[in-house]
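Trainee: Quick one: this structure, given as structure tokens, is what I'll be asking you about.
Numbering (the UniProt record's numbering), first residue to last: 1 to 956.
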């Protein structure tokens, strides 16, 4: 307690007032989250009925209620109520001897440092590390994100951010740590995206790999290697594993019927087929998986299947494929699940549940090949024209990306060196793939299937992070592949997953993220807000969906930044360092400041019992630090973050109670002030270490302000023991930088602006988008105009996204095309006649999304009816089709903000011409965006129509 209290005086008026003051606000006597020996001692001597009566009279009902509440909480901890002051059987033990104090840090150079990715050499290790028998070896993977999209906040917290936090923690614990990830670049998703964006697969992969890399770098994700699966190393490793599984008799050949698109002239990959899920009835299920119920599907199981590109109904056609016979490995897989999933490993409950459901239903042979061009080629005669299916191929990317890291180092490339498509063809076969290749030390450690093989290699713990939709691929498919390489567990060299951390879904303001509706914050959006990456990291991690879905809300972000970060954590760090800088000559307090000039007094520094500040603050903080380590070892990140905030809260309470601004004024109390500040500074260093996995930039800022090495955030036994004596964790008397504010307030008006900006269109299931609500039809009067809308502007036009299904030359006009275009909804497929022959080769755009004036009055052109008008930009002799916003789909309507009149039901050619001929009408700007009178034509904020390259061109 602040002034000290003789327990014999606990029932006196002054003693009771002191107790009431100490427990104000729900704390225990020393301001801690947990009771100390002082709480038990005072509890044992207190007459609670007397105390309640005295306090009601002397301090008020609230003070009396606080003390009674404190008293009852101690009763519960002791296991029962002790009536009438009878404490028989309750012994208040004498204070336990203080643990030995650790050696005081003499200088900043004495602090141990972490070997970060890219460090060439450092004391205690080098990078990249290799497994060691003397240290714990942790191999961490984050689920490989598809290369065909931009990650949103849910993707980021579900995989890479969570894995990054754990990897940073493991490095801080001085474990041998390797953290790999990369973009999943092969398969249907890439081919489809390339088709939509009129690019090659290579161009799509390069574009989105660069985008992912940039986003993760801004978020502070510190990979050892962020690679990609489109390399020769992926081909080499995947084919090696396939050859092992095939040689072991676990591959079956089978003829199967597969959906074939006559319109495209090829077999359809799973993701190119959509239809109704046979299990839950969801109408937009994909051919490989239903997003509604999570079932893995075959496209032939879908009810009413349709080709995603053409909208036509595919036909069944026979083709030969290879299957991994899961029935042959099912028993060994179950043994491994029992050992890891229910024994030595740490599997989240949702992961165990989903895995058990799969095993209960029984496993069946699963196809591992596809009729595609973009993928890892199959090295088996008769199948060389096929590629591996992505579920078989992609997880092997973890291994090939690790191989790529060590190959790059062998070639003299540094950390973060870019990976190119097809990279690795010049690798030395023996050095990069031989039995002694460095990557094999991580991925072929032995003992991973049963733990009874007696492998003499250093053990490796493989820890994998992902969203719940990826569970079957990592607990069933990938382990089965690795198990299938060997005839018995004893012969299996591969490292198989030990622990898995799975997140549920993160929603945005109560709804799904949607790029097409411009709803939610995506990776590049976060940077554009100007809010620091660490605030985003903290907000996402504080609401990490560990056991249930969670929701991102802008108000939560503001509350966490302004309350938890600024008012709690930032306040304690800044007030502590600012006080030291201002009152102790820009330095940490010195030994003389703490104890005076007398050597006899300074000798007390070696006796922990003499430093009451360390004793008091350390007794409260050390249990929190130990609990933090326990939570983080179990990947309980939300709990770990709460404990960081609990430490800073204790620090604020301690600072406020000690009142150093009062102690500094009197020569006699100045040493006590210095001891209090030194203890607080020690806690600041502890906080810099504990928060580093969560907020690395903030941690680095604190260490820089303290003039400590940026990598001295080691969480080792010295820090854990030193947490009991915080002042011993800092080099006394050393100069520090002038402190800076860690966090800035986020004002309410800014939050409102951000919430509005990213609100997007109406929620899914409402049946309308925001733009559609604005343009909802009303009864018309006359043939052309809409009631109440006589304006000559873009509001008269109904601009709809369509998909080109067929293109043919006009039978009676050489300069005209006749197209079949799907406008979705009630309009369905319409015929359009366009005069674009010799201007745009529309046959190259079959399957592409385009923009049309859907309400244009039908006209007949050389005997063919045109039911809508196809829009394109024109500049002299160059023409380009208008491209709908990224993520738009058939039937979506676009608009220009500020032009809110109702569209005509039937738009006359006269009105259409007037709108198109306006001097500042539809055109392209310097960013190739389509605008009307300078306003973007959009699906929602930030989701704008565009053209490929024309700037300043008219659109008509």
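C-beta atoms are modelled at their ideal positions from N, C-alpha and C, and glycine is treated no differently.
None of the values given here were measured: they were computed from a predicted structure.
(1) Could you tell me which of 826, 212, 187 and 804 sits nearest to residue 201, measuring between CA atoms?
(2) Mind reading off the beta-carbon distance from residue 737 to residue 707? Whole number of angstroms is fine, and I expect it under 8 Å.
(3) Where does residue 486 sit, in a helix, a strand or coil, going by DSSP?
(4) Under 8 Å by Cβ, that's how I've got residue 793 and residue 915 pegged, so tell me the actual separation to the nearest angstrom.
(5) For residue 560, which of helix, strand or coil comes out of DSSP?
(6) Considering residue 817, what are the terminal residues of the beta strand (DSSP E) in which it resides?
(7) Can you tell me where the alpha helix (DSSP H) with residue 613 in it begins and where it stops?
(8) On the three-pair Cβ rule with 8 Å, is the segment 362–373 touching the segment 508–515?
(9) Beta-carbon within less than 7 Å of residue 718's beta-carbon, same chain only, minus the 5 sequence neighbours each way: which residues are those?
(10) Check whether the segment 168–180 and the segment 219–235 are in contact - that is, three or more C-beta pairs closer than 8 Å.
(11) Measure the CB-CB distance between residue 195 and residue 847 and report whether it falls below 8 Å.
(12) According to the neighbour-count rule (16 or more other Cβ atoms, all chains shown, within 10 Å of its Cβ), is residue 293 buried or exposed?
(13) Decide if residue 233 is buried, meaning its Cβ has at least 16 other Cβ atoms within 10 Å, or exposed.
(14) Residue 684 and residue 647: beta carbons closer than 8 Å?
(15) With distances taken Cα to Cα, identify the nearest neighbour of residue 557 among 51, 739, 750 and 402.
(16) Helix, strand or coil, according to DSSP, for residue 803 in the structure here?
(17) Assuming residue 852 and residue 800 form a contact by the criterion Cβ under 8 Å, report the distance between their Cβ atoms to the nearest whole angstrom.
(18) Measure the beta-carbon distance from residue 159 to residue 142 and round it to whole angstroms, keeping in mind my assumption that it falls under 8 Å.
(19) Would you report the Cα separation of residue 698 and residue 583, rounded to the nearest angstrom?
(20) Using 10 angstroms around the beta-carbon of residue 316, count the other beta-carbons present and answer buried if the total reaches 16, otherwise exposed.
(21) Helix, strand or coil for residue 873 per DSSP?
(22) Just how far apart, CA to CA, sit residue 84 and residue 36?
(23) Excluding the 5 residues flanking residue 13 on each side, which residues of the same chain have their C-beta closer than 8 Å to its C-beta?
(24) Drop a sphere of 10 angstroms on the beta-carbon of residue 205, count the other beta-carbons inside from all chains shown, and report buried for 16 or more, exposed for fewer.
(25) Helix, strand or coil for residue 146? Go by DSSP, reduced to three states.
(26) Can you tell me whether residue 89 is helix, strand or coil according to DSSP?
(27) Suppose you measure from the CA of residue 150 to the CA of residue 274; what does that come to, to the nearest Å?
(28) Between which two residues does the beta strand (DSSP E) containing residue 321 stretch?
(29) Apart from the five residues just before and just after residue 591, which ones in its own chain have a Cβ nearer than 8 Å to its Cβ?
(30) Which residues does DSSP list as the beta-bridge partners of residue 182?
(31) If contacts are defined as beta-carbon pairs under 8 Å, then residue 321 and residue 367 qualify, I think. What distance do you get, rounded to the angstrom?
(32) When you compare the segment 420–430 with the segment 231–249, are there three or more beta-carbon pairs, one atom per stretch, that lie closer than 8 Å?
(33) What does residue 587 pair with, by DSSP beta-bridge criteria?
(34) Which residue marks the beginning of the alpha helix (DSSP H) containing residue 335, and which one marks its end?
(35) For residue 110, count the other beta carbons within 10 Å of its own beta carbon; 16 or more makes it buried, fewer makes it exposed. Which is it?
(36) Looking at the strands, I want to know which residues DSSP matches up with residue 152.
Mentor: Result, derived from the coordinates:
(1) 187
(2) 6 Å
(3) coil
(4) 7 Å
(5) helix
(6) 817–822
(7) 612–633
(8) no
(9) 102
(10) yes
(11) yes
(12) exposed
(13) buried
(14) no
(15) 750
(16) strand
(17) 6 Å
(18) 4 Å
(19) 24 Å
(20) exposed
(21) strand
(22) Note on residue 84: pLDDT 44, under 50, position unreliable in the model; the coordinate value appears next. C-alpha separation (whole angstroms): 24 Å.
(23) 54 and 58
(24) buried
(25) strand
(26) Because the pLDDT of residue 89 is 43, which lies under 50, any placement of that residue in the model is unreliable, and the question is left without a value.
(27) 22 Å
(28) 315–324
(29) 602, 605, 732 and 733
(30) 227
(31) 5 Å
(32) yes
(33) 735
(34) 330–336
(35) exposed
(36) 522
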